[in-house]
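Remarks on the structure that follows.
In my numbering, the protein residues as written are -3 to 60.
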């Protein structure tokens, strides 16, 4: 398993969300993480970013 060079805190900052929201999404996705600065497994980082993007750009909405 690879690791992303990202933490919950960094993803939260990049996507303008709170760290609490990040932990909430991680719990929702059943990803166990102990600290906001822990480097994430690549699969975990991809899952949280995909979830954030799907919330920001729901299917059926236009980005143009």
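Don't be surprised by glycine CBs; every beta carbon is placed ideally from N, CA and C.
{"Asked": "Per DSSP, residue 63 is paired with what?", "Found": "Past the boundaries of the shown model lies residue 63; the chain is included only from -3 to 60, so the question cannot be answered."}
{"Asked": "Identify the continuous alpha helix (DSSP H) that holds residue 21 and give its terminal residues.", "Found": "15 to 24"}
{"Asked": "Going straight from the alpha carbon of residue 34 to that of residue 41, what length do you get?", "Found": "11 Å"}
{"Asked": "Compare the beta carbon distance of residue -2 and residue 38 with 9 Å and say whether it is the shorter of the two.", "Found": "yes"}
{"Asked": "On the three-state DSSP scale, how would you describe residue 52?", "Found": "helix"}
{"Asked": "Can you say whether residue 48 is buried or exposed, counting buried as having 16 or more other CB atoms within 10 angstroms of its CB?", "Found": "buried"}
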